[in-house]
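Note sheet for the following structure.
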Ligand SMILES: [Zn+2]
């Protein structure tokens, strides 16, 4: 295979389109506008604030989920603590009552006295156990409350960061949108001065190849940097000025300029 062979010879579009040379030159300005508009759109979608916001918003959601879990946990533990306190109180009351009975001298039978003393000892052990349980729950409440306050602090921090970055993002957006707006109106006034079939071809090529037109400068296509060979250059030089050409390599509309080197 000859590596220099090109499959298609598409120097002129089918059917041949004619356009005044100054209109063809205007296509280059249109292409410059479009390139800038694409750059602005790309910059808008890639500003660092967007990644920061996405990360901060995910973090906020994660923290808020944890806050809800901890709110529930703290509520449950506080209820558990109240129950433990009430239970200790109940046993303490029974022990006090037994103590009063013992001290009142109302119980004199030695067997009854022994039973009462045994019951009081059992109640004392129960109180110790219940107090240990109560301390354990108090500990859990404290741990959960401290985690909750940490989460609330982190939430506040991430929310103020989101607010701050949103302001920066919106300022950048409004700057970029302002530039895009100016370019878009410049572009539309350029396009409105051109014949419809030329604009239609430009748009078709642009949709297909990402860029609609390029200058032929110093014997090369400025779009794809292909150097046009001698035979093609001769063909281009022989083609009437008002005939629209296409780059055989990148398919852009190839616009002849004063510096084309023909
Ligand atoms: Zn090209």
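Numbering (my numbering), first residue to last: -6 to 255.
By construction, the Cβ of each residue, glycine as well, lies at the ideal position given by its N, Cα and C atoms.
- Message: Give the list of continuous beta strand (DSSP E) stretches no shorter than 3 residues that lie fully inside the segment 88 to 121.
- Response: none
- Task: Run the proximity test for residue 219: is its beta-carbon closer than 6 Å to any non-hydrogen atom belonging to ligand 1?
- Result: Reading the chain shown from its first residue, position 226 is the one you call residue 219. Result yes, Cβ under 6 Å from ligand 1.
- Message: Given this structure, state the Cα-to-Cα distance separating residue 97 from residue 103, to the nearest angstrom.
- Response: As a first step, residue 97 is located in the chain shown; it is residue number 104 there, counting from the start. As a first step, residue 103 is located in the chain shown; it is residue number 110 there, counting from the start. Each residue's alpha carbon lies about 15 Å from the other.
- Message: Counting C-beta neighbours from all protein chains within 10 Å, is the total for residue 77 16 or more, i.e. buried, or is it exposed?
- Response: If you number the chain shown from 1, residue 77 lands on position 84. Buried, because 16 or more other Cβ atoms sit within 10 Å of the Cβ of residue 77.
- Inter-residue CB distance, residue 74 and residue 130 (contact presumed, cutoff 8 Å): Indexing the chain shown from 1 puts residue 74 at position 81. Indexing the chain shown from 1 puts residue 130 at position 137. Right, the Cβ-Cβ distance comes to about 5 Å (below 8 Å), so this counts as a contact.
- Item | Cβ contact (3+ pairs, closer than 8 Å) linking the segment 9 to 27 and the segment 231 to 249 | yes
- Message: Could you tell me the alpha carbon to alpha carbon distance between residue 238 and residue 4, rounded to whole angstroms?
- Response: Along the chain shown, one-based indexing puts residue 238 at 245. Along the chain shown, one-based indexing puts residue 4 at 11. Going from the Cα of residue 238 to the Cα of residue 4 covers about 5 Å.
- Task: Classify residue 90 as buried or exposed, calling it buried when 16 or more other Cβ atoms lie within 10 Å of its own Cβ.
- Result: Within the chain shown, numbered from 1, the residue matching residue 90 stands at position 97. Residue 90 should be labelled exposed.
- Could you name each continuous beta strand (DSSP E) segment of 3 residues or more that falls completely within the segment 170 to 240, going from the start of the chain to the end? 206 to 210
- Is residue 33 closer than 7 Å to residue 169 when the C-beta atoms are compared? For this step, residue 169 is matched to residue 176 along the chain shown. For this step, residue 33 is matched to residue 40 along the chain shown. It is a contact, given that the beta carbons lie within the stated cut-off.
- Message: I want to check one thing, is the minimum distance from the CB of residue 149 to the heavy atoms of ligand 1 below 6 Å?
- Response: Working through the chain shown from its first residue, we reach residue 149 at position 156. Because no heavy atom of ligand 1 lies under 6 Å away, the Cβ of residue 149 does not count as near it: no.
- residue 249 - containing beta strand (DSSP E), residue span: Counted from its first residue, the chain shown places residue 249 at position 256. Residue 249 -> beta strand (DSSP E) spans 246 to 249.
- Query: Is the closest heavy atom of ligand 1 to the C-beta of residue 216 under 6 Å?
  - Reply: Mapped onto the chain shown, residue 216 falls at position 223. Flag set: Cβ of residue 216 near ligand 1.
- Query: What does residue 133 pair with, by DSSP beta-bridge criteria?
  - Reply: The sequence position of residue 133 within the chain shown is 140, counting from 1. Paired residues: none, contrary to the question.
- Task: Would you decide whether residue 307 is buried or exposed? Buried here means 16 or more other CB atoms lie within 10 Å of its CB.
- Result: Residue 307 lies beyond the stretch modelled for the chain, which goes from -6 to 255, so this question has no answer here.
- On the premise that residue 59 lies in contact with residue 144, defined as a C-beta separation below 8 Å, what is that separation, rounded to the nearest angstrom? Your numbering for residue 144 matches position 151 in the chain shown. Your numbering for residue 59 matches position 66 in the chain shown. The pair is a contact, with the Cβ atoms about 5 Å apart (cut-off 8 Å).
- Task: Report yes if the C-beta of residue 249 is less than 6 Å from at least one heavy atom of ligand 1; otherwise report no.
- Result: For the purposes of this step, residue 249 is identified with residue 256 of the chain shown, where counting begins at 1. It does not: the Cβ of residue 249 is nowhere closer than 6 Å to a heavy atom of ligand 1.
- Just how far apart, CA to CA, sit residue 163 and residue 46? For this step, residue 163 is matched to residue 170 along the chain shown. For this step, residue 46 is matched to residue 53 along the chain shown. Looking at the two C-alpha atoms, the distance is approximately 12 Å.
- Look up residue 11 in the DSSP assignment and give the residues it is bridged to. For this step, residue 11 is matched to residue 18 along the chain shown. Answer by DSSP bridge pairing, in chain order: 236.
- Query: Should residue 245 be listed as close to ligand 1, given that the test is whether its C-beta is under 6 Å from any heavy atom?
  - Reply: Taking the first residue of the chain shown as 1, we reach residue 245 at position 252. Under cutoff, so the answer is yes.
- Query: Between residue 139 and residue 149, what straight-line distance do the alpha-carbon atoms span, to the nearest angstrom?
  - Reply: Here residue 139 refers to the residue found at position 146 when the chain shown is read from its first residue. Here residue 149 refers to the residue found at position 156 when the chain shown is read from its first residue. Their backbone Cα atoms lie some 16 Å apart in a straight line.
- Message: Any heavy atom of ligand 1 inside 6 Å of the beta-carbon of residue 242?
- Response: Locating residue 242 in the chain shown gives position 249, counting from the first residue. Under cutoff, so the answer is yes.
- Could you tell me if residue 204 is buried or exposed, where buried requires 16 or more neighbouring beta carbons within 10 angstroms of its beta carbon? Here the question's residue 204 lines up with position 211 in the chain shown. Flag for residue 204 reads buried.
- Message: Taking only three categories from DSSP, how would you classify residue 254?
- Response: Within the chain shown, the letter at position 261 stands for residue 254. If DSSP states are grouped into helix, strand and coil, residue 254 belongs with coil.
- Message: Give me, in chain order, the residues of the same chain whose beta-carbon lies closer than 8 Å to that of residue 232; leave out the 5 immediate sequence neighbours on both sides.
- Response: Here the question's residue 232 lines up with position 239 in the chain shown. Around residue 232: 4, 5 and 238.
- Task: Work out the CA separation of residue 8 and residue 180 for me, nearest whole Å.
- Result: Position 187 of the chain shown, counting from 1, holds the residue named residue 180. Position 15 of the chain shown, counting from 1, holds the residue named residue 8. Roughly 26 Å between the two C-alpha positions.
- Are residue 230 and residue 255 close, meaning C-beta to C-beta below 7 Å? For the purposes of this step, residue 230 is identified with residue 237 of the chain shown, where counting begins at 1. For the purposes of this step, residue 255 is identified with residue 262 of the chain shown, where counting begins at 1. Result yes, Cβ atoms of residue 230 and residue 255 sit closer than 7 Å.
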